[in-house]
Amino acid sequence: MELPVDFTQTLYVAESGANDGSVLVFLPGLGGTTRYWQGRVAALERDHRVLLVDPLGFGQSPKPQTQYTVERHVAALHQTLSPYAPFTLIGHSMGAILSVAYAARYPEQVERLILIGLPYFGGREQTYEHFRNGAVPNRWVFTNVTLAAIACMVTRRLLGWLLPYLRRDIPQEVAEDLVKHTWRSFTSSLWEVVYNYDLQEAVDQLDPRLPVFCLHGEQDQTAPLVGVQQLAGERPNWRVQVLPNIDHHPWLRQPDTCSEIMRRFSFSH
Numbered sequence: 001m002e003l004p005v006d007f008t009q010t011l012y013v014a015e016s017g018a019n020d021g022s023v024l025v026f027l028p029g030l031g032g033t034t035r036y037w038q039g040r041v042a043a044l045e046r047d048h049r050v051l052l053v054d055p056l057g058f059g060q061s062p063k064p065q066t067q068y069t070v071e072r073h074v075a076a077l078h079q080t081l082s083p084y085a086p087f088t089l090i091g092h093s094m095g096a097i098l099s100v101a102y103a104a105r106y107p108e109q110v111e112r113l114i115l116i117g118l119p120y121f122g123g124r125e126q127t128y129e130h131f132r133n134g135a136v137p138n139r140w141v142f143t144n145v146t147l148a149a150i151a152c153m154v155t156r157r158l159l160g161w162l163l164p165y166l167r168r169d170i171p172q173e174v175a176e177d178l179v180k181h182t183w184r185s186f187t188s189s190l191w192e193v194v195y196n197y198d199l200q201e202a203v204d205q206l207d208p209r210l211p212v213f214c215l216h217g218e219q220d221q222t223a224p225l226v227g228v229q230q231l232a233g234e235r236p237n238w239r240v241q242v243l244p245n246i247d248h249h250p251w252l253r254q255p256d257t258c259s260e261i262m263r264r265f266s267f268s269h
């Protein structure tokens, strides 16, 4: 895989924890930044070197005018993360998809995967159908690329300061960072990574010995539980833990529980 754009700048990484500990790499979902995780990783910092990464096009990472394919995201991650290998990849939502893609492409660098709210619907048509007609907020906006681009521009330029008041279901700093992208990085990542990427193919390419732990909210309407259960069903190295009465954001709702689960899993293999 060659770098299709100029990646002379690496992605933004916030590093903390024990320098001599095993490495945990955290990738947020669409619109997320390092602050999705920050302030909630103290329990992991005692024994691990913790790397929080802003994906290409988001947060403080470069935002090139390009198509944000899975290949471009993975190439940027590889340039940034290779010096830290081997590591455990922990991804939420879109970050979980990119984690699977990275592990399939660079199996020698990934010791285990922890996937939070992994979106899987069975294929491209089923994915688009879910976001178009399912119980997803603003589904008409996010399945029309023009409306999605307009919504991004309006929100960033006019309504960004209001987001912490409008999105009271998430921490203030997470809401504030929802505007740290461009219309291109948001819409292109949504279409290329979430809608169009063949996740099943990437899962099939994973090393069958790779330990994979899926952490999922029982009430997740963005990425319904049935999808990840289907993926894990016939794979002996996959485990699924369901958090009762939790939505698409287990990390924000029960960070202590999630940290303890991650800590146990990272020492169990």
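Those letters in the sequence shown? Residues 1 to 269, per this note's numbering, in order. Every residue gets a Cβ at the ideal spot worked out from N, C-alpha and C, and that includes glycine. Quick caveat, the model's predicted, so the values are computed rather than measured.
Buried versus exposed, by CB contacts within 10 Å (16 or more), residue i
i      : result
Trp140 : A caution first: Trp140 carries a pLDDT of 46, below 50, which makes its placement in the model unreliable, though a value can still be read off. Label assigned to Trp140: exposed.
Asp220 : buried
Asp169 : exposed
Ser93  : buried
Asp198 : exposed
Leu166 : exposed
Pro119 : buried
Ala101 : buried
Asp54  : buried
Pro208 : exposed
Beta-carbon proximity of residue i to residue j, cut-off 7 Å
i      : j      : result
Gly91  : Leu115 : yes
Thr34  : Leu11  : no
Pro86  : Glu111 : yes
Glu192 : Thr69  : yes
Val23  : Arg49  : yes
Glu218 : Val242 : yes
His248 : Gly95  : no
Val240 : Val226 : no
Whole-angstrom distance between residue j and residue i, CA atom to CA atom
i      : j      : result
Glu71  : Gln65  : 15 Å
Thr80  : Leu27  : 13 Å
Pro255 : Met262 : 10 Å
Ile97  : Trp183 : 21 Å
Leu210 : Leu113 : 8 Å
Gly29  : Arg132 : 19 Å
Pro244 : Cys214 : 14 Å
Gln60  : Glu129 : 32 Å
CA nearest to the CA of residue i, picked from the options
i      : options                      : result
Glu285 : Arg46, Asp204, Phe58, Ala223 : As shown, the chain starts at 1 and ends at 269. That puts residue 285 outside it, with no answer to give.
Cβ neighbours of residue i in the same chain (closer than 6 Å, five flanking residues each side left out)
i      : result
Thr127 : Phe121, Tyr195
Glu15  : Leu51
Ser188 : Gln67, Tyr68
Own chain, CB closer than 8 Å to residue i, minus 5 neighbours either side, in chain order
i      : result
Ala104 : Ala202, Val203, Gln205, Leu206
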